[in-house]
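Quick note: the sequence shown uses this note's numbering, first residue 36, plus one each step. Quick notes on the structure that follows.
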Amino acid sequence: MLSRLTRPQALAVCALPVVALLATAAFAPLPFSVAQPGMTANVLGRNQGTPVITVSGAETRRTSGQLRMTTIEATGPDAHVALGDVVDSWFRTDRAVLPRDSVYPSGDTVKEIEQHNEAQMRQSQDAATQAALKYLGLGAGKVKVTLRLADVGGPSAGLLFSLGIIDKLNGDGRGGDLTGGRVIAGTGTIDAAGQVGAVGGVALKTQAARRDGATVFLVPKAECADAKAELPKGLRLVPVTTLKGAVDSLVALESGKGPVPSC
Numbered sequence: 036m037l038s039r040l041t042r043p044q045a046l047a048v049c050a051l052p053v054v055a056l057l058a059t060a061a062f063a064p065l066p067f068s069v070a071q072p073g074m075t076a077n078v079l080g081r082n083q084g085t086p087v088i089t090v091s092g093a094e095t096r097r098t099s100g101q102l103r104m105t106t107i108e109a110t111g112p113d114a115h116v117a118l119g120d121v122v123d124s125w126f127r128t129d130r131a132v133l134p135r136d137s138v139y140p141s142g143d144t145v146k147e148i149e150q151h152n153e154a155q156m157r158q159s160q161d162a163a164t165q166a167a168l169k170y171l172g173l174g175a176g177k178v179k180v181t182l183r184l185a186d187v188g189g190p191s192a193g194l195l196f197s198l199g200i201i202d203k204l205n206g207d208g209r210g211g212d213l214t215g216g217r218v219i220a221g222t223g224t225i226d227a228a229g230q231v232g233a234v235g236g237v238a239l240k241t242q243a244a245r246r247d248g249a250t251v252f253l254v255p256k257a258e259c260a261d262a263k264a265e266l267p268k269g270l271r272l273v274p275v276t277t278l279k280g281a282v283d284s285l286v287a288l289e290s291g292k293g294p295v296p297s298c
């Protein structure tokens with residue numbers, strides 16, 4: 036059949052399947068999520084009118100400065116992400132294209148994902164409390180810590196929760212604030228032993244932190260390269276691997292004495 040067509044006609048006929056394929060790809064849903072910088076919350080203050088950290092069984096101290104946990108916002112697990120969305124986001128520094136399975140567990144419903152994230156947040160809060168009290172040498176039987184942070188799931192606020200508890204109970208250990216009056220932001224999981232773990236999305240979280248006034252960002256050491264990739268001007272990265280290391284770095288930053296690690 037093609038032998039009876041002119042060359043332009045033959046090319047046009049051959050191009051039709053390609054055009055159809057591209058048109059389908061342009062509008063078909065793709066297995067990606069598009070993420071952007073999300074909200075931040077000062078764990079030393081209030082969130083939606085409720086104190087983030089409440090302590091009973093021990094005297095707490097007034098604090099200045101802020102410790103801001105950071106988040107990213109991603110399109111939902113059932114959102115329609117098309118080729119145009121992916122291409123547009125790929126070339127923007129305030130967006131990231133991520134495999135959907137890396138953001139949401141594959142095969143789960145929206146409700147199951149929400150329940151999973153809530154469970155991770157509760158586990159993170161328990162571990163953060165244990166790590167902070169262990170660092171301070173306080174027993175959980177005498178001191179009760181309640182953590183409340185609405186509309187946030189997952190484990191990535193663990194490090195900031197621990198630091199907030201320490202600041203409210205002990206500050207820098209010498210009567211001053213752990214923050215030194217600064218706006219400190221950061222991210223990182225934490226376990227009961229005080230080990231800090233990676234979380235993902237740090238390049239977007241640094242943008243959220245700087246947008247909300249932070250000048251210092253605590254980042255899991257393993258994610259230094261990612262954090263430096265799109266680092267906003269005026270934001271200093273401080274890598275951490277343990278809760279003790281994070282406290283030591285903040286005290287050194289406040290006092291001007293001792294080394295402060297950098298990425």
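The beta-carbon is built from N, C-alpha and C at its ideal position, and this holds for glycine as well. These figures come from a predicted structure and were not determined experimentally.
Evaluate residue 293 with the Cβ neighbour count: other Cβ atoms within 10 Å of its Cβ, from every protein chain shown; 16 or more gives buried, anything less gives exposed. If you number the sequence shown from 1, residue 293 lands on position 258. By the 10 Å Cβ count, residue 293 comes out exposed.
With H, G and I counted as helix, E and B as strand and the rest as coil, what does DSSP make of residue 275? Here the question's residue 275 lines up with position 240 in the sequence shown. Residue 275 falls in the strand class under three-state DSSP.
Can you tell me where the alpha helix (DSSP H) holding residue 73 begins and where it ends? As a first step, residue 73 is located in the sequence shown; it is residue number 38 there, counting from the start. Not the alpha helix (DSSP H): residue 73 falls in the beta strand (DSSP E), residues 67 to 77.
Between the region 215 to 224 and the region 243 to 260, do at least 3 Cβ pairs fall closer than 8 Å? yes
Report the option in 194, 169 and 171 whose CA atom is closest to the CA atom of residue 160. Taking the first residue of the sequence shown as 1, we reach residue 160 at position 125. Selected option, being the one with the closest Cα: 194.
Compute the distance between the beta-carbons of residue 166 and residue 197, then report whether it is under 8 Å. The residue labelled residue 166 in the question sits at position 131 within the sequence shown. The residue labelled residue 197 in the question sits at position 162 within the sequence shown. It is a contact, given that the beta carbons lie within the stated cut-off.
Backbone secondary structure at residue 179 - three-state DSSP: Within the sequence shown, the letter at position 144 stands for residue 179. Three-state DSSP puts residue 179 in a strand.
Is the region 223 to 234 in contact with the region 272 to 282, if contact means three or more CB pairs nearer than 8 Å? yes
Of the choices 182, 78 and 201, whose alpha-carbon is the least far from that of residue 169? In the sequence shown, counting from the first residue as 1, residue 169 sits at position 134. Closest by alpha carbon: 201.
In its own chain, which residues sit with a C-beta less than 6 Å from the C-beta of residue 284, not counting the 5 before and 5 after it? Numbered from its first residue, the sequence shown carries residue 284 at position 249. So the list reads 273 and 295, once near-sequence residues are dropped.
Residue environment, residue 250, which counts as buried when at least 16 other CB atoms sit within 10 Å: Reading the sequence shown from its first residue, position 215 is the one you call residue 250. The residue is exposed, with fewer than 16 neighbouring Cβ atoms inside 10 Å.
Thinking C-alpha only, which one of 244, 127, 97 and 225 is nearest residue 212? Locating residue 212 in the sequence shown gives position 177, where the first residue counts as 1. Ranking 244, 127, 97 and 225 by Cα distance to residue 212 puts 97 first.
If you reduce the DSSP assignment to three classes, tell me which class residue 270 lands in. Residue numbering aside, residue 270 sits at position 235 when the sequence shown is read from its first letter. Note: residue 270 maps to coil in three-state DSSP.
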